[in-house]
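When we follow our numbering, the leftmost residue of the sequence shown carries the number 37, and every step to the right adds one. For glycine and all other residues, C-beta sits at the position ideal for the given N, C-alpha and C. Just so it is clear, the structure is predicted and the values come from calculations on it, not from any experiment. Report on one structure; see the data block that follows.
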Amino acid sequence: MDQSDLEAVIAIEQLNSKSPWSKNQFLHCVEWTQVIVVSNAVVGFAVVVAMGDQAELQNISIHPDHRELGLGEELLDYVMRELPKKIGQIYLEVRVSNFSAINLYTKIGFAQVGQRRDYYATDYGREDALLMSRSLC
Ligand SMILES: CC(C)(COP(=O)(O)OP(=O)(O)OC[C@H]1O[C@@H](n2cnc3c(N)ncnc32)[C@H](O)[C@@H]1OP(=O)(O)O)[C@@H](O)C(=O)NCCC(=O)NCCS
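Structure representation (structure tokens):
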């Protein structure tokens, strides 16, 4: 991702997220963000932050018009492959109600390692986060 992708990334985030990241949040993560492009248009992005020997998937999103075509899986495979070799484990948090994302993560080898009660705001109150992890070794 570079600065010229920012508007497209923010537009996808606002379409897809219940609590969208701000422009500033994306600006701080430019170096950690990969975009996926179809016909010269940004149709998705993933933010993976690496620290020490661990990484965290902080955000991933595919434009609604381009979902269920394998792009989310391709993007996630790519960002995990591109991580430095010293990164042995990747973590993420996901809403318990986000079945599409949980299915994607499970399909590519993530497993639940914890649960954070009432972690996310919803229209009706709060919901738990699943903490999931996968070895990269
Ligand atoms: C989650 C998300 C990134 C998946 O992207 P995608 O490109 O549609 O996913 P893919 O086409 O690569 O699908 C890969 C796997 O994910 C799962 N999956 C994707 N969409 C699904 C759906 N609507 N229902 C159930 N499982 C689904 C399936 O296991 C699928 O494998 P399969 O095709 O063999 O069944 C996309 O739905 C999205 O952007 N959602 C909104 C943002 C979001 O929730 N991000 C996650 C925050 S934690």
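Counting along the chain, Tyr114 sits inside no beta strand (DSSP E); it lies in the alpha helix (DSSP H) bounded by residues 107-117. In the three-state scheme derived from DSSP, where H, G and I count as helix and E and B as strand, Tyr127 is classed as strand. Residue state for Glu92 is assigned as strand, using DSSP reduced to three classes. Contact between the region 152-165 and the region 106-123 is not established, with fewer than three Cβ pairs separated by less than 8 Å.
At a threshold of 7 Å, Phe62 does not count as near ligand 1, since its beta carbon sits no closer than that to any of the ligand's heavy atoms. In the three-state scheme derived from DSSP, where H, G and I count as helix and E and B as strand, Tyr141 is classed as helix.
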